[in-house]
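These notes are about the structure you will find just below.
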Amino acid sequence: MGNNKHTVFNCIDMLPSSPGTALLHVIPAPYEKSVCYGKGTANGPSAILHASHQLETFDGKSDPSDLGIFTHPPVDCLGSHEFALKRIEKTVAEVLRIGKVPVMIGGEHTVTFGAIKALSVKFADFGVVQFDAHADLRDSYQKSGYSHACVLRRIHELGIPVFQMGVRSICAEEHEYRKKKKIPYLDAEQICVKGIPGKILPASFPKKIYLTFDIDALDPSVVPSTGTPVPGGLGWYQTMELLENVLKGRKLLGMDLVEFSPVKTFHYPDYTAANLLYNIFGIAQRAKSLS
Ligand SMILES: [Mn+2]
């Protein structure tokens with residue numbers, strides 16, 4: 032596992048970890064096949080990893096790097112979507128096999144399906160918490176069932192409970208599906224206008240969760256570097272509060288950060304994405320969601 036040539040997640044003065052000592056296994060997945068508007072998500076992982084070198088190891092409250100962070104070489108995402116998703120699934124399965132927590136960096140949102148396939152082999156009772164501007168519940172999009180616009184539909188069809196957070200772009204078909212299947216959600220308008228409720232996830236939602244964070248859940252003023260930005264998104268501190276709320280009392284099996292599409296010479300969003308990832312580690316660490 033690993034060589035020294037690829038970019039790794041590495042904060043300032045962070046001590047290196049081996050695959051055996053690191054709890055968090057970062058998996059870069061530069062998958063880009065169905066992006067329909069702005070392109071560039073294939074460059075997301077390397078930009079985020081590169082920006083991580085500017086992070087302080089102490090996040091202001093704790094030191095998430097104490098968990099141990101190991102970065103795998105990027106998954107080969109060339110070829111058909113079947114083969115690319117299979118390779119992602121295999122890598123995630125191997126991380127789960129040795130009892131570690133996969134942290135995938137996309138790539139477009141489709142990559143989540145590969146991770147969930149691996150998780151569903153090992154765990155029977157987990158739910159997916161999705162941060163996203165879009166519902167991603169279409170049956171197919173641009174003649175593909177494996178478009179990023181369909182990924183949560185594919186996951187939900189496996190019988191896995193889904194909770195949607197921050198949605199503000201949803202088509203009539205998705206709206207119907209969400210209603211018919213009683214998929215719970217907290218949309219961006221509710222969050223931004225009415226505020227964050229005390230308890231977000233329903234009591235019946237599984238205790239074990241996989242977190243999939245589409246960077247476009249954030250408002251474009253916070254991170255504009257994404258393929259399909261939508262106004263009216265989440266602010267930075269709202270996002271932190273939502274994450275704390277969701278992770279409290281729950282076990283985090285794995286996570287991903289997807290749809291980041293870096294813009295050259297415009298680097299603050301790269302840092303913001305890396306900071307978001309590291310803050311999720313810290314929130315999970317303090318909530319004891321990783322033990
Ligand atoms: Mn998405």
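Under the numbering used here, think of the first position of the sequence shown as 32, with each following residue one higher. Even for Gly, the Cβ is constructed at its ideal location relative to N, Cα and C. These numbers come from a predicted model, not from an experiment.
Tell me the DSSP secondary structure of V294 in three-state form. Working through the sequence shown from its first residue, we reach residue 294 at position 263. Three-state DSSP puts V294 in a strand.
With 16 as the cutoff for other CB atoms within 10 Å, does L46 come out buried or exposed? Reading the sequence shown from its first residue, position 15 is the one you call residue 46. Around the beta carbon of L46, fewer than 16 other beta carbons lie within 10 angstroms, which makes this residue exposed.
Once DSSP output is grouped into helix, strand and coil, what is the label at G75? In the sequence shown, counting from the first residue as 1, residue 75 sits at position 44. In the structure shown, G75 sits in a helix (DSSP, three-state: H, G or I).
Looking at the unbroken beta strand (DSSP E) that takes in Y244, where does it start and where does it end? Counting from 1 along the sequence shown, the entry for residue 244 is found at position 213. Reading off the sequence, residue 244 comes out as Phe, not Tyr. Run containing F244: K239 to D245, per the beta strand (DSSP E) assignment.
Exposure label - N34; buried when at least 16 CB within 10 Å: Position 3 of the sequence shown, counted from the start, is the residue given in the question as residue 34. The predicted model places N34 with a pLDDT of 46, which falls under 50 and marks its position as unreliable; any figure quoted below should be read in that light. When all chains shown are included, N34 counts as exposed.
Where the alpha helix (DSSP H) through Q173 begins and ends: Against the sequence shown, residue 173 aligns to sequence position 142. Per DSSP, Q173 belongs to no alpha helix (DSSP H) and is neither H nor E.
Note down the Cα distance separating V106 from I43, rounded to an integer number of angstroms. The residue labelled residue 106 in the question sits at position 75 within the sequence shown. The residue labelled residue 43 in the question sits at position 12 within the sequence shown. Cα to Cα, the separation comes out at about 25 Å.
Less than 8 Å between the C-beta atoms of V198 and L183, yes or no? Residue mapping note: residue 198 aligns to position 167 of the sequence shown, counting from 1. Residue mapping note: residue 183 aligns to position 152 of the sequence shown, counting from 1. Pairing V198 with L183 gives a Cβ-Cβ distance that is not under 8 Å.
What does DSSP give as the partner residue(s) for P255 in the beta ladder? Taking the first residue of the sequence shown as position 1, residue 255 is located at position 224. In the DSSP assignment, P255 forms no beta bridge with any residue.
Taking S96 as the reference, which of P104, H112 and A53 has the closest Cα? As a first step, residue 96 must be located in the sequence shown, where it is residue number 65. The shortest Cα separation from S96 among P104, H112 and A53 belongs to A53.
A203 (DSSP reduced to helix, strand or coil): Sequence index remark: in the sequence shown, residue 203 carries index 172 (1-based). Three-state result, A203: helix.
Identify, in the order they occur along the chain, each residue of the same chain with its Cβ nearer than 7 Å to the Cβ of M32, setting aside the five sequence neighbours on each side. On the sequence shown, position 1 is the one that residue 32 refers to. With a pLDDT of only 44 at M32, under the threshold of 50, the placement of this residue in the model should not be trusted, and no figure is reported.
Any idea what DSSP makes of K153, helix, strand or coil? In the sequence shown, residue 153 corresponds to position 122, counting from 1. DSSP places K153 in helix when its eight states are reduced to three.
Contact test: D163 Cβ vs ligand 1 heavy atom, cutoff 7 Å: Locating residue 163 in the sequence shown gives position 132, counting from the first residue. Yes, since a heavy atom of ligand 1 falls inside the 7 Å radius drawn around the Cβ of D163.
Could you give the uninterrupted runs of the beta strand (DSSP E) lying entirely in the segment 53 to 121, keeping only those of 3 residues or more? Counting only unbroken stretches of 3 or more residues, the beta strand (DSSP E) elements lying wholly within the segment 53 to 121 are 55 to 60 and 100 to 102, in sequence order.
Could you tell me which of E220, Y241 and P61 sits nearest to K148, measuring between CA atoms? Translated into the one-based positions of the sequence shown, residue 148 becomes position 117. With distances taken between Cα atoms, K148 lies closest to Y241.
What residues are listed by DSSP as bridge partners for K282? Position 251 of the sequence shown, counted from the start, is the residue given in the question as residue 282. DSSP lists K239 as partners of K282.
Using three-state DSSP, classify L168 as helix, strand or coil. Taking the first residue of the sequence shown as 1, we reach residue 168 at position 137. Coil.
DSSP beta-bridge partners for M135? Walking along the sequence shown from the start, residue 135 turns up at place 104. The secondary-structure analysis by DSSP pairs M135 across a beta bridge with I58 and D287.
For E113, count the other beta carbons within 10 Å of its own beta carbon; 16 or more makes it buried, fewer makes it exposed. Which is it? Here the question's residue 113 lines up with position 82 in the sequence shown. Here E113 is exposed, its C-beta having fewer than 16 other C-beta atoms within 10 Å.
At a cut of 8 Å, does the segment 157 to 168 reach the segment 246 to 257 through at least three beta carbon pairs? By the criterion of at least three beta-carbon pairs nearer than 8 Å, the segment 157 to 168 is in contact with the segment 246 to 257.
Considering only their Cβ atoms, is the gap separating P133 from G313 smaller than 8 Å? The sequence position of residue 313 within the sequence shown is 282, counting from 1. The sequence position of residue 133 within the sequence shown is 102, counting from 1. No, the pair does not count as a contact, with Cβ atoms beyond the cut-off.
Please classify F297: is it buried, with 16 or more other beta-carbons within 10 angstroms of its beta-carbon, or exposed? Numbered from 1 along the sequence shown, position 266 holds the residue referred to as residue 297. Looking at its Cβ environment, which holds fewer than 16 other Cβ atoms inside 10 Å, F297 is exposed.
Kindly indicate the opening and closing residues of the beta strand (DSSP E) around F194. Locating residue 194 in the sequence shown gives position 163, where the first residue counts as 1. F194 -> beta strand (DSSP E) spans V193 to M196.
Taking 7 Å as the cut-off, does the CB of E290 come closer than this to any heavy atom belonging to ligand 1? Start at 1 with the first residue of the sequence shown, and residue 290 comes out as number 259. At least one heavy atom of ligand 1 falls within 7 Å of the beta-carbon of E290.
Please state the DSSP three-state secondary structure of F40. Within the sequence shown, the letter at position 9 stands for residue 40. In this structure, F40 counts as coil in the three-state DSSP scheme.
Does any heavy atom of ligand 1 sit closer than 7 Å to the C-beta of D245? Mapped onto the sequence shown, residue 245 falls at position 214. Distances between the C-beta of D245 and the heavy atoms of ligand 1 include at least one below 7 Å.
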